[in-house]
Amino acid sequence: MTGAGRGELEGTVRVSEIPAKGRVSEDLSGAASAPRAERVPLGDDAPDAAGTERTEPIPESESGAPSTPPEESPGRTDLWQASPPGSIYDYIKVASFSIGSDGAIDQWSRRAAELFGVPPEEAVGKDPIEAFVPADLRERGHRKMAEILDGQEWTGAVPFRVPAPGPAGEPEAEPRAEAPRAAGAGPTGLAEIYVMPTTTESGERAAVCIVVDVRTLRHIETDLASSQAIFGQSPFGFLLFGTDLRVQRTNRTLTSVFGGHVDDHRGRTVHDYLPRHEADRVQGALRRVLETGDAVTDMQLVGTAPESTERRHWSINLYRVHSGTGRPIGVAGLATDVTRRHAAAREAAHARRNLALLNEAGSRIGNSLDLETTARELLDVVVPGFCDLASVDLYQGLLAGDEAPPGLADGSAELRRVAAASAVADVPFLDLGGEAPVNVGAVHRFPFNSPCAHALRTARPQALPTEQRGLVQSTLAVPMVAHDTVVGLVQFSRTKGSEPFTERDRALAMELAARAAVCIDNARLYRREHERALILQRSLLPPDDPEAAGLDIACRYRPGNAATEVGGDWFDVIELPGHRTALVVGDVMGRGLRAAVAMGELRTAVRTLALLDLEPAEVLSALDEIARGLGTPGGVQQGTRPARSARSFGGEDLSEVYLATCVYAVYDAVTRRCTFANAGHLPPVLVEPGDSALMLDVPPGMPLGVGGEPFEEVEVELPEGALLALYTDGLVESRDHPLDEGLSAFRNALDDPSPALEDVCDHVLNTLDTHHGEDDIALLMARVEGLPSENVGDWTLPREPKSVGRAREYARAQLSSWGLESLVDTSELLVSELVTNALRYGEGDIRLRLLLDRTLVCEVWDAGLVQPRRRRARDTDEGGRGLQLVGLLSAAWGSRRTPRGKTVWFELPLPDGETGLADPTEALLSLF
Numbered sequence: 001m002t003g004a005g006r007g008e009l010e011g012t013v014r015v016s017e018i019p020a021k022g023r024v025s026e027d028l029s030g031a032a033s034a035p036r037a038e039r040v041p042l043g044d045d046a047p048d049a050a051g052t053e054r055t056e057p058i059p060e061s062e063s064g065a066p067s068t069p070p071e072e073s074p075g076r077t078d079l080w081q082a083s084p085p086g087s088i089y090d091y092i093k094v095a096s097f098s099i100g101s102d103g104a105i106d107q108w109s110r111r112a113a114e115l116f117g118v119p120p121e122e123a124v125g126k127d128p129i130e131a132f133v134p135a136d137l138r139e140r141g142h143r144k145m146a147e148i149l150d151g152q153e154w155t156g157a158v159p160f161r162v163p164a165p166g167p168a169g170e171p172e173a174e175p176r177a178e179a180p181r182a183a184g185a186g187p188t189g190l191a192e193i194y195v196m197p198t199t200t201e202s203g204e205r206a207a208v209c210i211v212v213d214v215r216t217l218r219h220i221e222t223d224l225a226s227s228q229a230i231f232g233q234s235p236f237g238f239l240l241f242g243t244d245l246r247v248q249r250t251n252r253t254l255t256s257v258f259g260g261h262v263d264d265h266r267g268r269t270v271h272d273y274l275p276r277h278e279a280d281r282v283q284g285a286l287r288r289v290l291e292t293g294d295a296v297t298d299m300q301l302v303g304t305a306p307e308s309t310e311r312r313h314w315s316i317n318l319y320r321v322h323s324g325t326g327r328p329i330g331v332a333g334l335a336t337d338v339t340r341r342h343a344a345a346r347e348a349a350h351a352r353r354n355l356a357l358l359n360e361a362g363s364r365i366g367n368s369l370d371l372e373t374t375a376r377e378l379l380d381v382v383v384p385g386f387c388d389l390a391s392v393d394l395y396q397g398l399l400a401g402d403e404a405p406p407g408l409a410d411g412s413a414e415l416r417r418v419a420a421a422s423a424v425a426d427v428p429f430l431d432l433g434g435e436a437p438v439n440v441g442a443v444h445r446f447p448f449n450s451p452c453a454h455a456l457r458t459a460r461p462q463a464l465p466t467e468q469r470g471l472v473q474s475t476l477a478v479p480m481v482a483h484d485t486v487v488g489l490v491q492f493s494r495t496k497g498s499e500p501f502t503e504r505d506r507a508l509a510m511e512l513a514a515r516a517a518v519c520i521d522n523a524r525l526y527r528r529e530h531e532r533a534l535i536l537q538r539s540l541l542p543p544d545d546p547e548a549a550g551l552d553i554a555c556r557y558r559p560g561n562a563a564t565e566v567g568g569d570w571f572d573v574i575e576l577p578g579h580r581t582a583l584v585v586g587d588v589m590g591r592g593l594r595a596a597v598a599m600g601e602l603r604t605a606v607r608t609l610a611l612l613d614l615e616p617a618e619v620l621s622a623l624d625e626i627a628r629g630l631g632t633p634g635g636v637q638q639g640t641r642p643a644r645s646a647r648s649f650g651g652e653d654l655s656e657v658y659l660a661t662c663v664y665a666v667y668d669a670v671t672r673r674c675t676f677a678n679a680g681h682l683p684p685v686l687v688e689p690g691d692s693a694l695m696l697d698v699p700p701g702m703p704l705g706v707g708g709e710p711f712e713e714v715e716v717e718l719p720e721g722a723l724l725a726l727y728t729d730g731l732v733e734s735r736d737h738p739l740d741e742g743l744s745a746f747r748n749a750l751d752d753p754s755p756a757l758e759d760v761c762d763h764v765l766n767t768l769d770t771h772h773g774e775d776d777i778a779l780l781m782a783r784v785e786g787l788p789s790e791n792v793g794d795w796t797l798p799r800e801p802k803s804v805g806r807a808r809e810y811a812r813a814q815l816s817s818w819g820l821e822s823l824v825d826t827s828e829l830l831v832s833e834l835v836t837n838a839l840r841y842g843e844g845d846i847r848l849r850l851l852l853d854r855t856l857v858c859e860v861w862d863a864g865l866v867q868p869r870r871r872r873a874r875d876t877d878e879g880g881r882g883l884q885l886v887g888l889l890s891a892a893w894g895s896r897r898t899p900r901g902k903t904v905w906f907e908l909p910l911p912d913g914e915t916g917l918a919d920p921t922e923a924l925l926s927l928f
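Numbered per the working numbering, the sequence shown finishes at 928, counting up by one with no gaps.
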């Protein structure tokens, strides 16, 4: 060591010269401290494996040969950058000064000036104990200094203070941030000093002092401990890549996954850990981070660990690492195994998908009460969201209405494929449970030992075997169970490339099949009840081609669709005596089997009342009483208002209420006059020849079942060829348009009627919106074809005995003119009996009328109100056998009230008719 100049020390400082282990160190502020722990080697300055120590030359930038131009040296502020960037001296700030034989400072380096905040000109020549050591420690300090000058090495922590600043204008080093300068006093600090005795050129003892800031060492120790915790104790995998993108360091967490020792991973690249496509992606990310400094967070990677085929998922964060000078030295990566997180996310996604499928199934399946539509709704939900191919098979017997078809228990019963769906283009569904593919609509059976038959028998899903070279990867055969009854089978298939069915998928398939099965079973039950009600309703309606005297009849009945229940619409054509016809159209409010039954009861009551030959208003009044009694167990008598009040409990009527609307019309073919009565129904429509359709002004009474109001009658004369239409509201009313628009459209459809009445009915149904299916439709149309005058014989007879013979003569002549000589004898006999009764029991003049149409009708009118009553005469009676004779010889007979009395009539079939005449002789003998 040379002593020239008052600058820094020159030469090389060996780290080995700094005592670090087994040496007693003291603190001037107290007693000797405990033995110092061995210092942790720092970076590349640590001893190597052989125990040799490495040395680092201190650049001679502060010696007599500075490495920078002289003009830059005085103003340098980057004193710690004299060594190459990245050196340990960037982190450990080491200063030096020397003490002469007199105990005063004779050399003071710039680093010492930086550390203590005292320039060389103020420090050289001063006693360091007096200048820097606090007063209470100076005595011990002088003692230690004497020992040092005697040749003893020493190391220890020394508290120091900086003298007060010099005069103004003198240069002063920048004070340290961690020891702020107080007013009138210098900063204080703690320095670790290594003192090594030396000898001057003159042989005098001196000392060289190496000083390190203790605070800096403590920071480095903390940083090293933190770094060691990250590498050794962190549960995350850590990688440090150099600027060449090779691994410089890693931790045990990462090596526990990829195997080997920590040192074995030095020099590796990302291609040694990940598949090529993932490694290339990470390599590009590392390069971008190193070049731009932009961190990458939560980068998802997929790969496999060594000696494992399990797919693992990692999340890695990348950020650039810098040296103390800010120079990039590499990229750090923090990797986390997120395989479980991905598995949980996949499970949650599957659960959400299943829940979404169930929600969709609940909203889309079962909207229709049609079996085939419900099956297609199931397939619309599962294809392609749940599977790629699917089909639905239902038991043929259940579709036909059988409760328990043969083979249902063992799965061998016939099934019909009602629906199939495929998400694969141009690939139909392949039936893996049978021997050959089955088309939609075909009836088939599954082999007894097949998985599908086993699924039907056990009501448990079965996995079907698949072919290696086939399109399908896995198939589930799931029975459709509703109310503990298997109604069919649904097959779900996934093609190759899709995930095979899991247990979770199996449970979901069973739930979907069960929901569809309940809807299908409900649709089946509804279809059965609907068909039964429809059969009942049709059985109560007249035949499609009813006949009536003086009328051409055409009728139509259209039930609602399968989604709506059977309604209570009905119509009827009733032949009355005297070539009269009753036309009836009605509608029971409500739907279902009860409405159909109520309709049947009302229709039967109408026919019964019509046979009594009551006036239309009287018929509706009687029907009103019957309707009020339909909802009560006791019938009509229990349906009266006092009876209902007596059966009320707590003010609430417990009986059911049946309401109906009805139009009742009676047409006389002889006079072409029609009498109408209306009970809350839509008015009839009349189309006269050459005129537009018009609605008849028939006063609408209250609906049947309401009671309390009388019904009015309206009589209308119908011209020859006129068209009369009776209908229900389903023809003219729907949700899409109001009633007025429907009535207007109905009249327009009737403005130009064709000659064929059947064509008129079809035209009306096709023109109007009758396919909505919201309600059933009843349409009754009649074209007037009055009885010709030549087919009517009408005479008035005085009330005298001669009128009996005159009546026989009129009858004989009229029948002969009609060519009915075969009926003359019988007709004379019966006419004689009726006219005789009118003379004996009747009043006023007698009217005789003969009517020829499809049958021969004879009517005898008188003003008497007493109706004839047939009785059985005894053997000893001289009379009382006239009406018996009439009943034996005629096809039908009866009596009816008229506004001016009564009419007694009988009917004879024509000779070419199906019913033959009774032999008069046999009839007379049968009376005795």
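No residue lacks a Cβ here, since even glycine has one placed at the ideal position from N, Cα and C. Computed from a predicted structure; not experimentally measured.
The beta carbons of residue 731 and residue 777 sit about 5 Å from each other, so the pair counts as a contact at 8 Å. As the crow flies, the alpha-carbon of residue 419 is around 22 Å from that of residue 470.
With contacts defined by Cβ atoms closer than 8 Å, residue 712 and residue 701 form a contacting pair. Counting along the chain, residue 902 sits inside the beta strand (DSSP E) bounded by residues 901-909. Distance from the CA of residue 446 to the CA of residue 459, rounded to the nearest whole angstrom, comes to 15 Å. For secondary structure counted as the beta strand (DSSP E) over 3 or more consecutive residues, the region 568-614 holds these complete runs in sequence order: 580-591. The beta carbons of residue 153 and residue 197 sit closer together than 8 Å.
Counting C-beta pairs closer than 8 Å gives fewer than three between the region 491-499 and the region 550-562, which falls short of the contact rule. The residue among 837, 479, 344, 359 with its C-alpha nearest the C-alpha of residue 393 is 479. Residue state for residue 496 is assigned as strand, using DSSP reduced to three classes.
Scanning its chain for C-beta atoms nearer than 6 Å, with the 5 sequence neighbours on each side dropped, one finds around residue 586 the residues 570, 660, 662, in chain order. Judged by beta-carbon spacing, residue 835 lies within the 8 Å limit of residue 848, meaning their Cβ atoms are closer than that value. If only uninterrupted beta strand (DSSP E) runs of at least 3 residues are considered, those enclosed by the region 670-722 are 673-679, 685-687, 713-717. About 6 Å separates the beta carbon of residue 193 from that of residue 209, a gap short enough to meet the 8 Å contact definition. By the Cβ test, the region 796-805 is not in contact with the region 747-767, since fewer than three Cβ pairs between them sit closer than 8 Å. Beta-bridge partners assigned by DSSP to residue 367: none are found. Look at residue 248 here: in three-state DSSP terms it is strand. Take residue 104, set aside five residues on each side of it, and the residues of its chain with a beta-carbon closer than 7 Å to its own are 125, 126, 127, in chain order.
Under DSSP, residue 724 takes part in a beta bridge, and its partners are 686, 782.
Closest in alpha carbon position to residue 856, among 828, 907, 793, 872, is 907. Per the C-alpha coordinates, the member of 113, 311, 129 positioned closest to residue 213 is 113. For residue 192, the three-state secondary structure derived from DSSP is strand.
With a beta-carbon spacing of about 6 Å, residue 686 and residue 722 fall inside the 8 Å limit used to define contacts.
Restricting attention to 456, 195, 793, 116, the CA atom closest to the CA of residue 146 is found in 195. The C-beta separation of residue 97 from residue 133 comes to about 14 Å, leaving the pair out of contact by the 8 Å criterion. Membership of residue 298 in any alpha helix (DSSP H) is not indicated; the residue belongs instead to the beta strand (DSSP E) covering 296-304. Ranked by Cα distance from residue 412, the options 396, 401, 550 are led by 396. Assigned with DSSP and collapsed to three states, residue 238 falls in strand.
Here residue 329 carries a strand assignment [DSSP, helix/strand/coil]. A direct Cα-Cα distance of roughly 28 Å separates residue 227 from residue 155. Only residues of its own chain outside the window of five on either side were considered, and among them none has a CB closer than 7 Å to the CB of residue 346. DSSP places residue 457 in the helix class (H, G or I) of the three-state scheme. DSSP places residue 858 in the strand class (E or B) of the three-state scheme. Of the candidates 717, 767, 736, 448, 717 places its Cα closest to the Cα of residue 784. Residue 357 places its beta carbon 8 Å or farther from that of residue 321. Around the CB of residue 287, fewer than 16 other CB atoms lie within 10 Å, so the residue is classed as exposed.
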